Structures are given as structure tokens and as C-alpha cells.
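S.K.: Residue numbers for the sequence shown follow UniProt numbering, beginning at 1 and rising by one.
Built from N, CA and C at the ideal position, the CB exists for glycine as well.
None of these values were measured; they are calculated from a predicted model.
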Amino acid sequence: MRTVEEHQAVVAALLPPLPEEEVSLAAAHNRVLARDVRASVALPGFDNSAMDGYAARWSEVAPPPVRLPVADDIPAGRTDVVPLAPGTVQRIMTGAPLPDGADVVVPVELTDGGTDVVEIRDSPAAGTHLRHAGEDIAAGAVALTAGSPLGAAQLGLAAAVGARTLPVRRRPRVLVLSTGSELVEPGAPLLPGQIYESNSALLAAAVEDAGGTARRLHFVPDDVDQFLATVRAELATADLLITSGGVSAGAYEVVKDAFAALGTVEFAKVAMQPGGPQGAGTVDGVPVVTLPGNPVSSFVSFEVFVRPALRRALGHAAPGRLRAPAVLTAPLRSPAGRRQFLRGRYDGGLVSQVGGPGSHLVAHLARANCLVVVPEDVTELPAGAQVDVVLIEGALQ
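(1) Provide the residue(s) that pair with Asn-48 in DSSP beta bridges, ordered along the chain.
(2) Any contact between the stretch 64-78 and the stretch 11-25? By contact I mean 3 or more CB pairs, one from each, below 8 Å.
(3) On the criterion of 16 or more Cβ atoms from any shown chain inside 10 Å, does Gly-394 qualify as buried, or is it exposed?
(4) With DSSP run on the structure shown, which of helix, strand or coil describes Thr-111?
(5) Compare the beta carbon distance of Thr-111 and Val-118 with 8 Å and say whether it is the shorter of the two.
(6) Ser-297 and Gly-275 - do their beta-carbons sit closer together than 8 Å?
(7) Using the C-alpha atoms, what's the distance from Leu-371 back to Ser-334?
(8) Report the rounded CA-to-CA distance for Tyr-54 versus Asp-122, giving the unit in angstroms.
(9) Let me make sure I understand the geometry here. Which of Ala-76, Asp-222 and Leu-240 has the alpha-carbon closest to that of Val-247?
(10) Quick check on the DSSP output: the alpha helix (DSSP H) that includes Phe-305 runs from which residue to which?
(11) Have a look at Ala-229 and Glu-253 and give me their C-alpha separation to the nearest angstrom.
(12) Would you give the residue range spanned by the beta strand (DSSP E) that Thr-165 belongs to?
(13) On the DSSP letters alone, give me the boundaries of the alpha helix (DSSP H) that Gly-156 sits inside.
(14) Could you please give me the residues that DSSP links to Lys-269 through a beta bridge?
(15) Quick test of your reading: Leu-365 and Phe-299, contact by CB under 8 Å. State the CB separation rounded to the nearest angstrom.
(16) What are the start and end residues of each continuous alpha helix (DSSP H) run of 4 or more residues lying completely inside the stretch 362-397, in chain order?
(17) Tell me whether Gln-397 is buried or exposed, calling it buried when 16 or more other Cβ atoms sit within 10 Å of its Cβ.
(18) To the nearest angstrom, how far is the alpha carbon of Leu-191 from that of Pro-16?
(19) Which of helix, strand or coil does DSSP assign to Glu-182?
(20) Can you have a look at Gln-226 and say buried or exposed, based on whether 16 or more other CB atoms are within 10 angstroms of its CB?
(21) Tell whether a beta-carbon distance below 8 Å holds between Ala-34 and Ala-146.
(22) Smallest Cα separation from Ala-39: which of Met-93, Pro-287, Leu-14 and Gly-162?
(23) Skipping 5 residues on each side, what residues in its chain have a beta carbon closer than 7 Å to that of Thr-3?
(24) How many angstroms separate the CA atom of Arg-170 from the CA atom of Leu-241?
(25) Who does Asp-72 pair with in a DSSP beta bridge?
(26) Whose C-beta lies closer than 7 Å to the C-beta of Glu-109 among residues of the same chain, with five residues either side of it excluded?
(27) Please list the terminal residues of the continuous beta strand (DSSP E) segment that includes Asp-347.
(28) Are Val-82 and Asp-72 closer than 8 Å when you measure CB to CB?
(29) Between Thr-88 and Leu-144, what straight-line distance do the alpha-carbon atoms span, to the nearest angstrom?
(30) Leaving out five residues before and five after Ile-74 in sequence, what residues of the same chain have Cβ atoms less than 6 Å from its Cβ?
(31) Could you give the first and the last residue of the continuous beta strand (DSSP E) run that contains Gln-353?
(32) So Asp-388 and Val-373 are supposed to be a Cβ contact under 8 Å. How far apart are they, rounded?
(33) How do the stretch 308-324 and the stretch 207-216 stand: do at least 3 beta-carbon pairs fall below 8 Å, yes or no?
(34) In whole angstroms, give me the CA-to-CA distance for Ala-12 and Pro-287.
(35) In the DSSP output, what is Arg-121 paired with across the bridge?
The structure is reproduced here in C-alpha cells:
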């Protein structure tokens, strides 16, 4: 059997870094930065006030109380601010440029709010309520590093330092295919022995969550020649083909039969549960990853092998899911020689198993927010034992 790490390396090697493209800030949301972005301006760009109040010389307002004439008003956005004359103050708004000569801003709450003459009833320490130019980031400094996911805060920073577009990796185009003569379109009448097809919906959503774009290929016939013809007709615009089902050791395993004949897709057993039967390779030069057909096996296999490979190709500095230590609330068992990924519910450092280990228990999967990882050499763990969990809250609630 292959180890989990060996098959992870095989899948990762199939997907090289994706091409770079320049997109608008709006289109960059949830993308991955391809190159460092430097600040074209400092933040703040000038000394300014952190409060609504009065710009003053500290030596003239301490000790309070004092009364001083208000020489000028400085709203935010004013560009012609004059220096602060001795013995005066200037009324100033939050974010407005600080006049030369001022070394403190007295909040309006510490005054009588006067507009011609103001009574300052208390004064903060010198240097208080000032924002200094460049204290957040200097002009020319790296604002965002390559590999950063671009969320709301990162896009806000990009705009603040003057970027109109950002360099990102192109999203991978993934073709998702489920096989099985027993599969029926959800909502259609079911005959005995038939089930609704769910894996393509599950995997397409997982691809989108990982940063790719997914296209679903439905109900490919369980005939080797028709299967290959259908797949090859769809591969031209794909960066990756993911199949689910048809890779076990039994009869009527159309994916395995079709791709094995080509000699470019390798099938192997991986020492894990669920998700032992796996395959990876290329068809007509396009990377292919074949996953087992049971829904839980398919999802766990995607999480362990495909998601990190996609995110690495996108340039993520940290392509893996977040992991955390957790304490078991109940004992569990695990098969010897296989790494088990159990569905769990993680909360406040504690984790409880959700349902049994069966790879068909999709309702239990939908209630999980983590995968409990049990090493290959562990067969039993008592309540209170510490385990490693992979947080999948972003994929499932």
C-alpha cells in the first residue's frame, strides 16, 4: 500500500503552478496573490488627527483649564491647512491633516465645544490622539506578500495603498465526473436499486471552496469505449479531471478499466480509511485524479489529496487546512495499519465523533466540522486522549 504522504506527492506533482493574470480589486476577492504588492503611498499619508477636537500646542493647554481662540477649522479632506499660530487652537476632525506646530489633539469631550473661543477643561498628554505619517506602512514597503489569500482586509489594504488591479493565479478549471449505472438525477423517480447522484454536487462545491471553477459531467455510461469518448471530448478546456466511483477491485469498474488500458493513470491502494482505492495520472496530457465512489470516501479523499494540490497550484503559501489539537469526549477504535479520518464535531478544544466510520454516512458528514486523524499505529484511544483534528468548517457546517 501507498502511504498517505506518498499519494499526496503523486497528486501534487500533477498540478504545476497556474498562470498569472491581472484582475480588478473586485474580481480578486478570494483569489491568491501571485506576486508581492508594494505600497505606492505611506499609510497614513500625512500626520492627522485620531479624534474630533482641537489641534493645539501641549505647552499652551496644560495645565487646564485654559481659554484659547479658535483660529481655523480643519475638516477631513482639506488640502490647504495653515500652520498653528502661537496662542491659538484649530478645530479639527478625525482624519484631517494636522497643522504644523500642533503636538496634541484635545478631544471635543474635554472642552465646551466653542467655535470662536474654546474652554479646554482637561488636556491629554503631549502627542496624544495623533496619527503619524507612515506608522502603518511606509511608501515602497511590501503591503501584501505572494501567496496571500485576498479577503476583505487584504483588498481594503490594496485599495488604501493605491492598487487598482492585483496579480493573481488563474483559477483552475476542473471537470467533475461521477460514474455508476445506479445514479439518477436528484428529484427524478427512483427504481429499485437506484440512488440519487450526489458526488458531483459535493465535489463541485469542494472545488469552488478550494478556489477552482467546476464543471459537472453527468451520467457518463458504464461502457469503456463510450466513457473514454465522452471524457476526451470534454478535456480540452480542463486543468484537472476528478472522477468518483469505478476504481475498486470488483467488476464493472469503468474508470479503472478505461484508464488502466491507456497506461497513463496509475491505480493504488492507500493506507487510509475511508478512501483506500485511489488513482492518479494523465489522460491526453490532462491531470486526472480518480476518487472512490462512496460520498464520505470521495469527500475525505478530496480533502486529503486534491484540495492541497489545487491550492498549491494557486500559489497559497499555506495550502493545507488548519489543524488543531483536541481532547476526545468518548473512546474510539481504529483499524491497524491505516490512517483513519473520522467525522467529528470540534468545539472549545473538545471533539466528539459524529456517527460511525462507514463511508456511506453522508448525513453524519454534513454535521461534521472537522476530521479526526487517527495514526496508522493507533487502534484504540480512550476518552480524554489528545488527537489531531483537521478543521473543515469552511467546507461544511
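M.R.: So, from the data block:
(1) Answer by DSSP bridge pairing, in chain order: Pro-97 and Arg-131.
(2) A contact between stretches requires three or more CB pairs, one per stretch, nearer than 8 Å, and the stretch 64-78 fails this requirement with the stretch 11-25.
(3) With a pLDDT of only 46 at Gly-394, under 50, the local geometry of the prediction cannot be trusted, and the value read off the model is given with reservation. Exposed, since its Cβ has fewer than 16 Cβ neighbours within 10 Å.
(4) Note: Thr-111 maps to strand in three-state DSSP.
(5) Contact flag set, yes.
(6) The answer is yes: Cβ separation under 8 Å.
(7) Going by the C-alpha atoms only, they are around 14 Å apart.
(8) So the two alpha carbons sit approximately 12 Å from each other.
(9) Of the candidates Ala-76, Asp-222 and Leu-240, the one whose C-alpha sits nearest the C-alpha of Val-247 is Asp-222.
(10) Here Phe-305 belongs to no alpha helix (DSSP H), and DSSP marks it neither H nor E.
(11) Between Ala-229 and Glu-253, the C-alpha separation is close to 16 Å.
(12) Element bounds for Thr-165: 165-169.
(13) Note, Gly-156: alpha helix (DSSP H), 152-160.
(14) Beta-bridge pairing links Lys-269 to Pro-277.
(15) Right, the Cβ-Cβ distance comes to about 6 Å (below 8 Å), so this counts as a contact.
(16) For the stretch 362-397, whole alpha helix (DSSP H) runs of length 4 or above, ordered along the chain, are 362-367.
(17) Its pLDDT being 35, under 50, Gln-397 is placed unreliably by the model, and the measurement read from it follows with that caveat. That one is exposed.
(18) Spanning the alpha carbons of Leu-191 and Pro-16 requires a straight line of approximately 44 Å.
(19) Three-state DSSP puts Glu-182 in coil, outside helix and strand.
(20) Within a 10 Å sphere around the beta-carbon of Gln-226 sit fewer than 16 other beta-carbons, which makes this residue exposed.
(21) Yes, the pair counts as a contact, with Cβ atoms nearer than the cut-off.
(22) Considering only alpha carbons, the answer is Gly-162.
(23) Hits under 7 Å: Ala-271.
(24) Going by the C-alpha atoms only, they are around 17 Å apart.
(25) Looking at the DSSP output, Asp-72 bridges to Gln-90.
(26) Excluding residues within five positions, none has a Cβ falling inside 7 Å.
(27) For Asp-347, the enclosing beta strand (DSSP E) starts and ends at 339-347.
(28) Pairing Val-82 with Asp-72 gives a Cβ-Cβ distance under 8 Å.
(29) Straight-line Cα distance between these residues: approximately 42 Å.
(30) Result list for Ile-74: Val-81, Gln-90, Ile-92 and Ala-96, in chain order.
(31) Segment 350-353, the beta strand (DSSP E) holding Gln-353.
(32) About 5 Å separates the CB atoms of Asp-388 and Val-373; that is less than 8 Å, so the two are in contact.
(33) The answer is yes - the stretch 207-216 touches the stretch 308-324, with three or more Cβ pairs under 8 Å.
(34) Answer to the nearest angstrom: the Cα atoms are 10 Å apart.
(35) Here Arg-121 is not bridged, per DSSP, to any residue.
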